[in-house]
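Asker:
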Amino acid sequence: MIGQIGAAMILALLGMVLTAIRAHVKNKMAQDAMAFLAATTATVVSGLANEVRNLKNPGKPGTWTAADKARMALRAVSDVKRLGAHAITALQDVHGLSQSSVDTLLTSLVESQVEELRRGGAESTTIPLPSAEWLAAFGPDGHPADSGAPLVGVPCGGTGGCGDCGGGACAPKPSPEESAHTQGVIDAAARSASQGRASFGGLVFCFAVCVAMAACPLVREGVMRVTPGVPSPSGCTANTTRCNGNVPESCSASGRWWAVTPSGEGCVGVCLVSDAGAYCAPADATQAPLRDMDAGL
């Protein structure tokens, strides 16, 4: 009974270890994916900021219009999505994100990086990249749709209808649903990092417990008793041999008789026991002494 309980405990712990390993690998993938997407976003936003500065510079070719703003915003999210395709796939596998959730997450990463540039002393001409709500205000051709939604980046007092936004460029606040959804995606990534550390600690603990239990004779015996194909203990002396019918057997340290032949098959000839142990011999081997006796008579 004790052996069966010990075996059940080991099997349960092994299941926990495997589950912890899978969770740790998945969470590590999610952490690496988020780090890669963040680095990719920083590169994309930095490159676009320089391009926008050139477009706004009167001494250089090009113009800067509302359509250009939309084009740059869509391009930022599109570039991050293209460059981070493998990372996005990993996040979808771990968190089960839909495509709309991915778009929301990438837009949030872009906006966060723009804010970092602003806090780091970036020039005021840096493009204020959009929220998902703002992106929805533009049609596929990059021109404003008929929704009438205000444009991100329209200066206060301009024609965008932003109202008072405390100076600089203003942006419409996302809907409560969008904010909650975006925050949920980001929180899931944060939980992924935390669970990864916790799962690894649990993995180490479970491994230590399994090793300790495997070293216990009672547990080992219990596992052997419930393992198919393992003979029952007979109390034989270790390293002794015998012929069990036509099958040579050897006694193990646990007091069990194990067949010496492959798959426990009997000898083709006969089983004999000598000082060297039990072994298989040709069928006529037992007649040799009789023939010798006849020859001596």
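All letters in the sequence shown, in the order written, are residues 33 to 329 by my numbering.
All C-beta atoms, glycine included, are put in the ideal place defined by N, C-alpha and C.
These numbers were taken from a predicted model, which means no experiment stands behind them.
#1: Could you tell me which uninterrupted alpha helix (DSSP H) segments, each at least 4 residues in length, are contained entirely in the stretch 104 to 142, listed from first to last along the chain?
#2: Taking its Cβ as the centre, do 16 or more other Cβ atoms sit within 10 Å of LYS101, making it buried, or is it exposed?
#3: Decide if PRO1 is buried, meaning its Cβ has at least 16 other Cβ atoms within 10 Å, or exposed.
#4: Could you check what DSSP says for VAL302 in three-state terms: helix, strand or coil?
#5: Is ARG288 helix, strand or coil by DSSP?
#6: Locate the beta strand (DSSP E) running through SER26, then write down its first and last residues.
#7: I need the DSSP call for ALA261, collapsed to helix, strand or coil.
#8: Taking Cβ positions, are GLY309 and SER286 nearer each other than 8 Å?
#9: So what does DSSP say about THR273, is it helix, strand or coil?
#10: In terms of alpha-carbon separation, which member of GLU83, TYR311 and ALA99 lies closest to LYS92?
#11: In its own chain, which residues sit with a C-beta less than 7 Å from the C-beta of ALA65, not counting the 5 before and 5 after it?
#12: Mind checking TRP290: buried by the 16 CB within 10 Å criterion, or exposed?
#13: Sort ARG288, ARG114, VAL109 and SER132 by Cα distance to GLU143 and report the nearest one.
#14: Pull up the distance between the alpha-carbon of ARG274 and that of THR259, whole angstroms please.
#15: Helix, strand or coil for ALA308, going by three-state DSSP, please let me know.
#16: Pick from LEU141, ALA52, ARG107 and ALA62: whose alpha carbon is nearest that of LEU80?
#17: Can you check DSSP and say which residues form a bridge with ALA313?
#18: Let me know the secondary structure DSSP gives GLU148 once reduced to three states.
#19: Under the assumption that THR73 contacts LEU141 (Cβ atoms under 8 Å), give the Cβ distance between them as a whole number of angstroms.
#20: Tell me, to the nearest whole angstrom, how far the beta carbon of ARG52 is from that of HIS127; I am working on the premise that it is less than 8 Å.
#21: Indicate whether LEU5 and VAL77 have their beta-carbon atoms separated by less than 8 Å.
#22: Does the Cβ-Cβ distance between GLY301 and ALA313 come in under 8 Å?
#23: Whose C-alpha, out of THR272, VAL49 and PRO90, is nearest the C-alpha of SER306?
#24: Using a threshold of 8 Å, state whether the C-beta atoms of VAL255 and ILE42 are closer than that.
#25: Going along the chain, which residues of its own chain have a beta-carbon closer than 7 Å to the beta-carbon of VAL292, five neighbours each way excluded?
#26: Between which residues of its own chain and THR269 is the CB-CB distance below 7 Å, once the five residues before and five after are set aside?
#27: Can you tell me whether ASP111 is buried or exposed, with buried defined as 16 or more other CB within 10 angstroms of its CB?
#28: So for ASN89, helix, strand or coil by DSSP?
Answerer: Considering the structure as presented:
#1: 117 to 127
#2: Translated into positions along the sequence shown, residue 101 becomes position 69. So LYS101 ends up on the buried side.
#3: This structure cannot speak to residue 1, because the chain is shown only from 33 to 329.
#4: In the sequence shown, the residue the question calls residue 302 occupies position 270. The answer is strand: DSSP assigns VAL302 an E or B state.
#5: Position 256 of the sequence shown, counting from 1, holds the residue named residue 288. DSSP places ARG288 in coil when its eight states are reduced to three.
#6: Because the chain spans 33 through 329 in this model, residue 26 falls outside it and cannot be assessed.
#7: Indexing the sequence shown from 1 puts residue 261 at position 229. In the sequence under discussion, the amino acid at residue 261 is Gly, which differs from the Ala named in the question. Of the three classes helix, strand and coil, the one that applies to GLY261 here is coil, per DSSP.
#8: To locate residue 309, count along the sequence shown from 1; it is residue 277. To locate residue 286, count along the sequence shown from 1; it is residue 254. Result no, Cβ atoms of GLY309 and SER286 do not sit closer than 8 Å.
#9: Along the sequence shown, read from residue 1 onward, the residue named residue 273 stands at position 241. It is a strand residue.
#10: Against the sequence shown, residue 92 aligns to sequence position 60. Checked all of GLU83, TYR311 and ALA99; the closest Cα to LYS92 is GLU83.
#11: Within the sequence shown, the letter at position 33 stands for residue 65. These residues qualify, in order along the chain: ALA119, ALA122 and LEU123.
#12: Here residue 290 is taken as the residue at index 258 of the sequence shown, counted from 1. TRP290 is exposed by the Cβ-count criterion.
#13: Taking the sequence shown and counting its residues from 1, the one referred to as residue 143 is at position 111. Per the Cα distances, VAL109.
#14: Residue mapping note: residue 274 aligns to position 242 of the sequence shown, counting from 1. Residue mapping note: residue 259 aligns to position 227 of the sequence shown, counting from 1. ARG274 and THR259: Cα-Cα distance of roughly 24 Å.
#15: Position 276 of the sequence shown, counting from 1, holds the residue named residue 308. Coil, per DSSP.
#16: The count along the sequence shown starts at 1 and reaches residue 80 at position 48. Selected option, being the one with the closest Cα: ARG107.
#17: Translated into the one-based positions of the sequence shown, residue 313 becomes position 281. Answer is VAL302, bridged to ALA313.
#18: Translated into the one-based positions of the sequence shown, residue 148 becomes position 116. Helix at GLU148.
#19: Numbered from 1 along the sequence shown, position 41 holds the residue referred to as residue 73. Numbered from 1 along the sequence shown, position 109 holds the residue referred to as residue 141. Yes, THR73 and LEU141 are in contact; Cβ-Cβ is about 4 Å, under 8 Å.
#20: Within the sequence shown, the letter at position 20 stands for residue 52. Within the sequence shown, the letter at position 95 stands for residue 127. Note that residue 52 corresponds to Ala in the displayed sequence, not to Arg. ALA52 to HIS127, Cβ: 18 Å. No contact.
#21: Only positions 33 to 329 of the chain appear in this structure, which leaves residue 5 out of reach.
#22: Numbered from its first residue, the sequence shown carries residue 301 at position 269. Numbered from its first residue, the sequence shown carries residue 313 at position 281. Cβ atoms of GLY301 and ALA313: closer than 8 Å.
#23: The sequence position of residue 306 within the sequence shown is 274, counting from 1. It is THR272.
#24: For the purposes of this step, residue 255 is taken as residue 223 along the sequence shown, with counting starting at 1. For the purposes of this step, residue 42 is taken as residue 10 along the sequence shown, with counting starting at 1. Contact: yes.
#25: On the sequence shown, position 260 is the one that residue 292 refers to. Closer than 7 Å at Cβ, skipping near neighbours: PRO280, GLU281, SER282 and ALA310.
#26: The residue labelled residue 269 in the question sits at position 237 within the sequence shown. CYS283, listed in sequence order.
#27: Residue mapping note: residue 111 aligns to position 79 of the sequence shown, counting from 1. Buried: at least 16 other Cβ atoms inside 10 Å.
#28: Your numbering for residue 89 matches position 57 in the sequence shown. Coil.
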